[in-house]
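Undergrad:
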Amino acid sequence: MSINKEVKRVTTNTLMMMKQAGEKISMLTAYDYSFAKIIDAAGIDAILVGDSASNVMAGHETTLPITLDQMIYHASSVIRGVQRCLVVVDLPFGTYQSNSEIALASAIRIMKETGAHAIKLEGGEEAIDSIRKIVSAGIPVMGHLGLTPQSIYKFGTYAVRAKEEAEAEKLKTDAKLLQDAGCFATVLEKIPAELAKEVTESLLIPVIGIGAGKYCDGQVLVMHDMLGINTEFKPKFLRQYLNVFEQATDAVKSYITDVKSSDFPNDKEQY
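Residues in the sequence shown are numbered from 1 upward in steps of one, following this note's numbering.
1. Which of helix, strand or coil does DSSP assign to His60?
2. Does the Cβ of Asn4 have 16 or more other Cβ atoms within 10 Å, making it buried, or fewer, making it exposed?
3. Since Val82 contacts Ala118 with CB under 8 Å, what's their CB separation in whole angstroms?
4. Out of Lys190, Thr173, His224 and Ile210, which has the shortest C-alpha to C-alpha gap to Val199?
5. If you reduce the DSSP assignment to three classes, tell me which class Leu86 lands in.
6. Going by DSSP in three states, Ala118 sits in which element: helix, strand or coil?
7. Between the alpha carbons of Gly138 and Phe264, how many angstroms are there, rounded?
8. Can you give me the C-alpha to C-alpha distance between Met57 and Tyr153, rounded to a whole angstrom?
9. Look at the Cβ atom of Met71, then the Cβ atom of Pro92, and state whether they are nearer than 7 Å.
10. Keeping to the same chain, check which residues put their C-beta closer than 8 Å to that of Ser34; ignore five residues upstream and five downstream.
11. Can you give the beta carbon distance from Val222 to Thr62, rounded, assuming they're within the 8 Å contact cut?
12. What number of angstroms, rounded off, separates the C-alpha of Cys85 from the C-alpha of Ile108?
13. Any idea if Leu242 is buried or exposed, counting beta-carbon neighbours within 10 angstroms, 16 or more meaning buried?
14. For Ser26, write down the residues that DSSP places opposite it in a beta bridge.
15. From Ala127 to Met17, what does the alpha carbon distance come to, in whole angstroms?
16. Below 8 Å on the Cβ atoms is my contact criterion, and I expect Leu178 with Cys216 to pass it. Report the Cβ-Cβ distance as a whole number of Å.
17. Look at the alpha carbon of Gln97 and the alpha carbon of Cys183, and state the distance between them as a whole number of angstroms.
18. Taking Leu242 as part of the beta strand (DSSP E), name the residues at either end of that continuous run.
19. Taking all protein chains shown into account, do 16 or more other C-beta atoms lie within 10 angstroms of the C-beta of Thr231, making it buried, or fewer, making it exposed?
20. Confirm, please, whether the CB-CB distance from Ala175 to Ala168 is below 7 Å.
21. Which term fits Asn55, buried or exposed, when burial requires 16 or more other beta carbons within 10 angstroms of its beta carbon?
22. Alpha carbons only, please: which of Ala41, Val7, Thr95 and Ile38 is nearest the one belonging to Leu64?
23. Whole angstroms is fine: what's the gap from Ala212's alpha carbon to Ala193's?
24. So the alpha helix (DSSP H) Leu68 belongs to, where does it begin and stop?
25. List in chain order: all unbroken alpha helix (DSSP H) runs of 4+ residues lying wholly within the segment 97-145.
26. Give the C-beta separation of Ile66 and Leu104 to the nearest angstrom, bearing in mind that I take them to be a contact with Cβ-Cβ under 8 Å.
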């Protein structure tokens, strides 16, 4: 019996029970009411209101430009479309890195102004003080290790992380630190599958992978990527389930043709 189907609302505790039962966790990003409603109704376990909105919604090159106010807007829209799944919201760049007091204030704004269920932030040891502060206020925190897009200018590339032993050891240490600091789950992004397997098996909390192989407790993808809305991004780890860009383009072309030929509206489509 699926734990997902047994609960009326998915919570952080639900994800923990799923890990313990060996049931994989499904997660997708969403940024607006309409898609959140579709994704939730389909039976997703969790929605991430990702700072990837900076890329796929606003057209920025990186996740860095998006603001806390903009994340609150997107998260509020998503929450209004959700009846059942867990909703996690990214803390955007600049809202938690400087000190734990600012991090807590940012997390409180998201929880109070959106109705979301948890927040996510990037980083290991360097983010521990902020994580502890937020968790101590009763706010669930999801961690994020491996490729951390908010640090892209530090990395200088979107290549696979933790391939070298030193970085892999740090990631394993950081994962334990996140768990000890009270994170209810963590994301591992774009790291070797065997390393992700080792981390997943070493932690009591769920591990959600993106480009981290099949051994994680669950998977997350950017909605625009897996639906084929965004056609430029085609990494190895992405499975595209639809080609919305092509289908939408064809639909728009048909509409233009029908308007220009006076076929739309027809007699049945007017009052």
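Even for Gly, the Cβ is constructed at its ideal location relative to N, Cα and C. Please read all numbers here as calculations on a predicted model, not as lab measurements.
TA: The structure says:
1. DSSP places His60 in the coil class of the three-state scheme, outside both helix and strand.
2. Looking at its Cβ environment, which holds 16 or more other Cβ atoms inside 10 Å, Asn4 is buried.
3. Val82 to Ala118, Cβ: 13 Å. No contact.
4. Proximity to Val199 across Lys190, Thr173, His224 and Ile210 peaks at Thr173, based on C-alpha coordinates.
5. In this structure, Leu86 counts as strand in the three-state DSSP scheme.
6. In the structure shown, Ala118 sits in a strand (DSSP, three-state: E or B).
7. Rounded to the nearest angstrom, the two C-alpha atoms are 55 Å apart.
8. Rounded to whole angstroms, the separation of the alpha carbons of Tyr153 and Met57 is 21 Å.
9. The beta carbons of Met71 and Pro92 sit closer together than 7 Å.
10. Excluding residues within five positions, the ones whose Cβ falls inside 8 Å are Gly81.
11. The C-beta distance from Val222 to Thr62 rounds to 14 Å, too long to meet the 8 Å contact threshold.
12. If you take the alpha carbons of Cys85 and Ile108, they lie about 21 Å apart.
13. Leu242 is exposed by the Cβ-count criterion.
14. In the DSSP assignment, Ser26 forms a beta bridge with Gln219.
15. Whole-angstrom Cα-Cα distance: 26 Å.
16. Distance from Leu178 to Cys216 at the Cβ level is roughly 15 Å; contact not present, criterion being Cβ atoms closer than 8 Å.
17. So the two alpha carbons sit approximately 17 Å from each other.
18. Run containing Leu242: none; DSSP gives neither H nor E here.
19. Taking all protein chains in view, the Cβ of Thr231 is surrounded by fewer than 16 other Cβ atoms within 10 Å, so the residue is classified as exposed.
20. Cβ atoms of Ala168 and Ala175: not closer than 7 Å.
21. Classification for Asn55: buried.
22. Comparing Cα positions, the closest option is Thr95.
23. Distance between the alpha carbons of Ala212 and Ala193: 5 Å.
24. Boundaries of the alpha helix (DSSP H) harbouring Leu68: Leu68 to Arg80, taken from the DSSP string.
25. 100-114 and 128-136, all fully within the segment 97-145.
26. About 20 Å separates the beta carbon of Ile66 from that of Leu104, a gap too long to meet the 8 Å contact definition.
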